[in-house]
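> Here's a structure for you.
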Amino acid sequence: MKLSQEQMTYLEENMGKTILPLSNFENKIRLGTEPIEVLLYYKKDWTPQQYFEAFVKAANHFNLFSSCIIRIDDNKYALHYCSDGVQLHVLPPVDETFDKINIDDIKKKIVKVKTLPGEPLLSLTVIPIKDGYLGGVSCSHAIGDGVSLTLFLYLWGCAIEGKDFPLLPSPQRLFKGNPIRSDKVNKAFLPSLYELSDEIQDRVKPSNIKLHIKREYFSDEFLNDIKNKAKSENEKYIISGNQIITSFLLKKYHNDILPNTKKIRLRTPIDLRGLHPDIDSLYIGNAYFDGITEFTKDEIDKMSVPQIAYRLKESIKDMRNEKYIKSMAYLSKYGVQLKAEVVEDYSNYNIDMDVVSSNLTHLEDISALGIGPDKGKFVYITTPVSTGFLMLKECGKIFVDMTSRYPFK
4 MKLSQEQMTY LEENMGKTIL PLSNFENKIR LGTEPIEVLL YYKKDWTPQQ
54 YFEAFVKAAN HFNLFSSCII RIDDNKYALH YCSDGVQLHV LPPVDETFDK
104 INIDDIKKKI VKVKTLPGEP LLSLTVIPIK DGYLGGVSCS HAIGDGVSLT
154 LFLYLWGCAI EGKDFPLLPS PQRLFKGNPI RSDKVNKAFL PSLYELSDEI
204 QDRVKPSNIK LHIKREYFSD EFLNDIKNKA KSENEKYIIS GNQIITSFLL
254 KKYHNDILPN TKKIRLRTPI DLRGLHPDID SLYIGNAYFD GITEFTKDEI
304 DKMSVPQIAY RLKESIKDMR NEKYIKSMAY LSKYGVQLKA EVVEDYSNYN
354 IDMDVVSSNL THLEDISALG IGPDKGKFVY ITTPVSTGFL MLKECGKIFV
404 DMTSRYPFK
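Mapping to this note's numbering: the sequence shown position 136 is 139, numbers consecutive.
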């Protein structure tokens with residue numbers, strides 16, 4: 004499906020107006036992947052249609068739902084589009100109050116999207132319950148990363164509460180037109196599954212891997228005690244709660260989560276917003292890369308928690324250096340791009356030796372969305388990795404959901 008001159012002209016004329024290109028980095032690692040998902044509980048007595056109208060109002064403010072041109076193989080391209088941008092699914096009510104709901108059952112009901120040609124970019128699944136609504140959001144990586152989704156959810160909360168939007172859209176990567184309607188798309192841009200590259204098809208194939216989840220809680224007292232022990236161990240060990248938690252879990256569970264490797268690579272998402280001088284703090288799109296800190300399993304066993312945390316801190320510090328950030332990323336007229344040599348050498352997520360550590364502790368109940376904590380709560384957030392630590396905060400206490408292919412002892 005190499006593009007004809009007519010198709011090339013069509014893309015060039017509409018790029019930035021009705022079409023945005025995925026970045027070279029997104030094309031390499033995002034296509035066919037599982038979405039970012041959030042499950043929220045609202046007590047507000049609205050109809051599903053009112054929630055959806057508020058949802059669309061927030062989406063229109065950021066003009067999220069552009070169509071995207073994506074590379075599906077060498078010199079082959081397709082359009083990732085959705086004429087409505089977002090799908091609404093209202094499921095039959097569940098005859099239970101929130102405190103009696105089986106969250107694992109609800110999570111299975113969220114209608115998923117994928118970052119693939121012809122797929123919707125985002126879906127909202129609404130499930131009425133006795134004392135409110137559960138709202139499941141499934142978001143394609145073509146729209147953006149977790150920061151983009153958080154900004155969007157915040158605006159949605161403002162729309163639900165009838166508040167003015169406090170955030171103006173970033174002019175960077177701002178889509179300027181309306182999404183391409185499905186009946187206007189040249190069918191050459193909508194390939195069958197077999198036309199996708201082998202790498203993308205492998206991602207699309209359903210996984211039979213059963214994931215196991217374990218939760219740990221951390222109090223301020225625990226973190227302060229470790230910080231004091233760290234300083235007594237070495238004056239330079241000034242470490243954060245996030246670094247302590249990650250190191251503690253790595254030391255305690257590495258033999259459970261990755262039993263068949265001698266080396267473990269800890270991947271920590273580094274947000275380019277606020278680090279790269281050219282990238283706006285409200286940039287909508289994918290604007291991060293994974294910083295990698297490597298340990299041997301023998302090192303993890305021998306090192307103390309403060310020692311592990313300090314190495315992690317210094318590694319992240321090196322990667323958050325402005326000079327380093329500018330050497331790997333730049334802002335094009337279509338958004339953030341990682342430089343070609345960085346993408347070529349980028350080490351993809353390795354299921355057998357990588358742990359992804361994501362910190363979402365800034366989300367404390369639903370108040371993070373501009374809605375009072377008495378109106379609902381975050382129930383569940385996921386990023387699509389088989390081995391990872393996801394940190395959240397609820398009612399003043401940090402908890403971490405650990406995900407692994409292997410059962411925890």
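All C-beta atoms in this analysis are idealised placements derived from N, C-alpha and C, irrespective of residue type, glycine included. It should be emphasised that the depicted structure is a prediction, and the values quoted were computed from it without experimental measurement.
1. Measure the beta-carbon distance from VAL116 to VAL93 and round it to whole angstroms, keeping in mind my assumption that it falls under 8 angstroms.
2. Could you give the distance in angstroms between the alpha-carbon of THR50 and the alpha-carbon of GLU164?
3. Starting from CYS71, follow its DSSP beta bridges and name the residues at the other end.
4. By how many angstroms is the C-alpha of PRO309 removed from the C-alpha of GLY338?
5. Out of ILE273, ILE319, ASN27, which has the shortest C-alpha to C-alpha gap to LEU363?
6. Given 8 angstroms as the limit, is there contact between the segment 303-323 and the segment 234-250, that is, 3 or more CB pairs closer than that?
7. Taking all protein chains shown into account, decide if LYS111 is buried (16 or more other Cβ within 10 angstroms of its Cβ) or exposed.
8. What residues are listed by DSSP as bridge partners for CYS398?
9. Buried or exposed: ALA62, going by 16 or more other Cβ atoms within 10 Å of its Cβ?
10. Tell me which same chain residues have a C-beta within less than 6 angstroms of the C-beta of SER26, skipping the five on either side of it?
11. Under 9 angstroms between the Cβ atoms of HIS64 and ASN289?
12. With PHE292 as the anchor, note down where its beta strand (DSSP E) starts and where it stops.
13. What residue range does the beta strand (DSSP E) around PHE58 cover?
14. Can you confirm whether the segment 373-380 touches the segment 151-164 when touching is taken to mean that 3 or more C-beta pairs between the two stretches lie within less than 8 angstroms?
15. Please determine if the segment 28-47 and the segment 125-140 are in contact, where contact requires at least 3 C-beta pairs separated by less than 8 angstroms.
16. Can TYR256 and MET405 be called in contact, C-beta distance under 9 angstroms?
17. Can you tell me the Cα-Cα spacing of GLY19 and ILE401, whole angstroms?
18. In chain order, which alpha helix (DSSP H) runs of at least 4 residues are fully inside the segment 241-279?
19. For my contact list, GLY399 and VAL358 are in at a C-beta cut-off of 8 angstroms; report their separation, rounded to the angstrom.
20. Based on the DSSP secondary-structure assignment, which residues constitute the bridge partners of SER335?
21. Could you spell out the range, first to last residue, of the beta strand (DSSP E) harbouring PRO131?
22. Exposed or buried, what is ARG218 when buried is set at 16 or more other beta-carbons lying within 10 Å of its beta-carbon?
23. Using C-beta distances below 7 angstroms, list every residue in its chain close to MET322, excluding the 5 sequence neighbours before and after it, in chain order.
24. Grouping DSSP H, G and I as helix and E and B as strand, with all else coil, what is THR153?
25. Considering just the uninterrupted stretch of the beta strand (DSSP E) at PHE381, what are its terminal residues?
26. Give me the Cα-Cα distance between PRO410 and ARG270, rounded to the nearest whole angstrom.
27. In three-state terms, what does DSSP make of VAL89?
To lay it out plainly:
1. The sequence position of residue 116 within the sequence shown is 113, counting from 1. The sequence position of residue 93 within the sequence shown is 90, counting from 1. VAL93 and VAL116 do not touch by the CB rule: their CB atoms are close to 17 angstroms apart, not below 8 angstroms.
2. Locating residue 50 in the sequence shown gives position 47, counting from the first residue. Locating residue 164 in the sequence shown gives position 161, counting from the first residue. Within the model, the alpha-carbon separation for THR50 versus GLU164 is close to 14 angstroms.
3. Taking the first residue of the sequence shown as position 1, residue 71 is located at position 68. DSSP, once it has assigned bridges, lists LEU23, HIS83 as partnering CYS71.
4. What you label residue 338 is simply residue 335 of the sequence shown in a count that begins at 1. What you label residue 309 is simply residue 306 of the sequence shown in a count that begins at 1. In this structure, the straight-line span from the alpha carbon of GLY338 to that of PRO309 is close to 38 angstroms.
5. Translated into positions along the sequence shown, residue 363 becomes position 360. Comparing Cα positions, the closest option is ILE273.
6. A contact between stretches requires three or more CB pairs, one per stretch, nearer than 8 angstroms, and the segment 303-323 meets this requirement with the segment 234-250.
7. In the sequence shown, the residue the question calls residue 111 occupies position 108. Exposed, by the Cβ-count rule.
8. Sequence index remark: in the sequence shown, residue 398 carries index 395 (1-based). CYS398 is not bridged by DSSP to any residue.
9. On the sequence shown, position 59 is the one that residue 62 refers to. So ALA62 counts as buried.
10. As a working note, residue 26 is residue 23 in the sequence shown. GLN340.
11. Taking the first residue of the sequence shown as 1, we reach residue 64 at position 61. Taking the first residue of the sequence shown as 1, we reach residue 289 at position 286. Not a contact, by the Cβ cut-off of 9 angstroms.
12. Reading the sequence shown from its first residue, position 289 is the one you call residue 292. PHE292 -> beta strand (DSSP E) spans 291-299.
13. Translated into the one-based positions of the sequence shown, residue 58 becomes position 55. Boundaries for PHE58: no beta strand (DSSP E) harbours it, while the alpha helix (DSSP H) harbouring it runs 51-65, taken from the DSSP string.
14. Counting Cβ pairs under 8 angstroms, three or more are found: they touch.
15. Yes, the segment 28-47 touches the segment 125-140.
16. Position 253 of the sequence shown, counting from 1, holds the residue named residue 256. Position 402 of the sequence shown, counting from 1, holds the residue named residue 405. A contact, by the Cβ cut-off of 9 angstroms.
17. For the purposes of this step, residue 19 is taken as the residue at position 16 of the sequence shown. For the purposes of this step, residue 401 is taken as the residue at position 398 of the sequence shown. If I take the Cα positions, the gap works out to 41 angstroms.
18. Complete alpha helix (DSSP H) runs here, min 4: 244-260.
19. By 1-based counting over the sequence shown, the position of residue 399 is 396. By 1-based counting over the sequence shown, the position of residue 358 is 355. About 26 angstroms separates the two Cβ atoms, so there is no contact after all.
20. Counting from 1 along the sequence shown, the entry for residue 335 is found at position 332. Note: SER335 sits in a beta bridge opposite GLY338.
21. The residue you call residue 131 lines up with position 128 of the sequence shown. Per DSSP, PRO131 belongs to the beta strand (DSSP E) from 125-132.
22. Here residue 218 refers to the residue found at position 215 when the sequence shown is read from its first residue. It is exposed - the Cβ of ARG218 has fewer than 16 other Cβ atoms within 10 Å.
23. If you number the sequence shown from 1, residue 322 lands on position 319. If we look at MET322 and ignore the five residues flanking it on each side, its Cβ neighbours are ILE273, GLY294.
24. Locating residue 153 in the sequence shown gives position 150, where the first residue counts as 1. Helix.
25. For this step, residue 381 is matched to residue 378 along the sequence shown. It spans 379-385 - the beta strand (DSSP E) in which PHE381 sits, taken as one unbroken run.
26. Locating residue 410 in the sequence shown gives position 407, where the first residue counts as 1. Locating residue 270 in the sequence shown gives position 267, where the first residue counts as 1. About 21 angstroms.
27. Here residue 89 refers to the residue found at position 86 of the sequence shown. Strand, per DSSP.
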